[in-house]
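Note sheet for the following structure.
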Amino acid sequence: MQINKIKVPLKNLIPRTETKEFCYDTPFNVTCEILKGAYGTVDFVQWKAYDQRRNHWDLFGYCNREMRCEIKRALLSNGIQVLQVVKATITLQVSSKTSTDNQSRLRCRVDFEGHTPLPHEVTINFVYCITAHKTDGEVNLSKFLESVIPWKEVDDVRLFDIEGIEFAYCKSKVCARNKSGPLSVLWNRTTVQSGSLFLTGIEESDSGLRMKAKTVSATSTRLYTIKVLVNSSQGRNSLTPTALPITGTANSSPGSSSSGPTGSPTKSTVGSPSKSAAASTTQCIVRAIVTIFLAVLVPVIFIWWRLRWNGP
């Protein structure tokens, strides 16, 4: 059997490193750049993740020379979930609830026929993404913080702008603006309503706006990097980009649920006339029974009538 070997250009190939940033709780793709394009012969590809506690690279994905891939380990030690491995690309997701690190290192190693194996390393920085809607004009920072911070373990939370200037703080989930020290550029854009902190005046230019939240407890402190994403077309009731589910594939069966244009579940119309189809089938059965009954009854009555007419 002839094997369809995958070829890549060996000329000028060197080990590569890069740094990327992705949101927590959102599926994302990482591509092995060495495998881009098609060209020289690949023996196999390995995907590995670095475990900093054990100082070890753990294998979690593998592709053979035909680029048939499989997941060797679906959940990595740092909480990253491996969703898919397809040729040069892996799909991953990390939960803000279970992640143990704000950063992860991944590596794809490509072995070529007659060539030194080449690694491609990707350092991933994870951030907490909050979606603000331009049509709403504001975003509830307190509500977002409650969704990602373990409040039972935290004494207070302090919020800083990208310059490191504190503009607000929260204690026992009750927030207030910081009036001491230099004023942050975000100070005038925040308001407090019933103890909840809001960022106001949302514009499209705010997409990518960053801030940091520092949690303080009796035993430790932790720093959260928060990134604002602005959705200019939808309002508060729509799904945010950081919460969008993975939609069904082209192989989804008729009648299964899918995501509609507003993000709400919709039902496929295929197969919806099931009740009328059942009623039609019942009518056909009844008609068949009546036809058979008449076909038997008429000859019987005719024979009975002849016998009675002729008599003994």
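No gaps in the numbering here: position 144 of the sequence shown is 144 in the UniProt record's numbering, and each next residue is one more. Glycine included, each C-beta is placed from N, C-alpha and C at the ideal position.
Flag residue i as yes when its Cβ comes closer than 7 Å to any non-hydrogen atom of the ligand ADP, and as no otherwise.
i, result
"TRP187", "The ligand ADP is not part of this structure, which contains no ligands at all."
In this structure, does DSSP put residue i in helix, strand or coil?
i, result
"VAL148", "helix"
"THR98", "coil"
"ARG68", "coil"
"ASN55", "coil"
"LEU141", "helix"
"ARG16", "strand"
"ASP136", "coil"
"ILE130", "strand"
"residue 337", "An answer regarding residue 337 cannot be provided, because it is not within the stretch 1 to 312 covered by the chain."
"SER196", "strand"
"ILE80", "strand"
"ARG73", "coil"
"THR191", "strand"
Would you call residue i buried or exposed, if buried means 16 or more other Cβ atoms sit within 10 Å of its Cβ?
i, result
"ALA218", "exposed"
"ASN125", "exposed"
"LEU186", "buried"
"SER276", "Because the pLDDT of SER276 is 42, which lies under 50, any placement of that residue in the model is unreliable, and the number read from its coordinates should be weighed accordingly. Classification of SER276: exposed, given that the 10 Å Cβ count is below 16."
"GLY61", "buried"
"ASN55", "exposed"
"SER104", "buried"
"ASN231", "buried"
"LEU59", "exposed"
"LEU223", "exposed"
"THR200", "exposed"
"ILE292", "exposed"
"residue 367", "No information on residue 367 is available, as it lies outside the stretch 1 to 312 that the chain covers here."
"SER184", "buried"
Skipping 5 residues on each side, what residues in its chain have a beta carbon closer than 8 Å to that of residue i?
i, result
"PRO15", "LEU118, PRO119, HIS120 and GLU121"
"VAL86", "CYS69"
"PRO182", "ILE165"
"GLN81", "ALA74, LEU75, LEU92, GLN93, VAL94 and SER95"
"ALA250", "Since pLDDT at ALA250 reaches only 32, below the 50 mark, its modelled position is unreliable, and no value is offered."
"GLU146", "LYS173"
"TRP57", "LYS48, ALA49, TYR50, ASP51 and ARG107"
Considering only DSSP beta bridges, list what residue i is partnered with.
i, result
"TRP47", "GLY61 and CYS108"
"THR89", "THR31 and VAL86"
"PHE167", "Looking at the DSSP assignment, PHE167 forms no beta bridge with any residue, so it has no partner."
"GLY21", "The amino acid at residue 21 is misidentified as Gly; the sequence shows Glu. Note: GLU21 sits in a beta bridge opposite ASN125."
"ASN231", "HIS133"
"ASP206", "Paired residues: none, contrary to the question."
"ARG222", "THR215"
"HIS120", "ARG16 and CYS108"
"VAL174", "LYS171"
Among residues of its own chain, excluding the 5 on either side of residue i, which ones have a beta-carbon nearer than 6 Å to its beta-carbon?
i, result
"ASN29", "THR89 and THR91"
"CYS170", "VAL157"
"PHE144", "ILE130"
"VAL139", "ALA132 and LEU199"
"ILE162", "ARG210"
"THR123", "THR19 and ARG105"
Among residues of its own chain, excluding the 5 on either side of residue i, which ones have a beta-carbon nearer than 7 Å to its beta-carbon?
i, result
"THR98", "GLY79"
"THR100", "ASN78 and GLY79"
"ARG236", "Because ARG236 sits at a pLDDT of 48, beneath the cut-off of 50, its placement in the model cannot be relied upon, and the point is left open."
"VAL174", "GLY195"
"VAL192", "CYS175, ALA176 and ARG177"
"LEU83", "PRO27, THR91, LEU92 and GLN93"
"THR31", "ALA88 and THR89"
Could you give the C-beta distance for residue i and residue j, rounded to a whole number, given that I count them as a contact under 8 Å?
i, j, result
"VAL127", "THR225", "5 Å"
"CYS129", "LYS227", "5 Å"
"ASP43", "GLU153", "The pair is not a contact, with the Cβ atoms about 48 Å apart (cut-off 8 Å)."
"VAL148", "VAL45", "Actually they are not in contact, since the Cβ atoms of VAL148 and VAL45 sit about 35 Å apart, beyond 8 Å."
"LYS214", "PHE160", "7 Å"
Distance cutoff 8 Å, beta carbons only. Does residue i sit that close to anything in chain C?
i, result
"LEU209", "Here chain C cannot be found, since the structure has a single protein chain."
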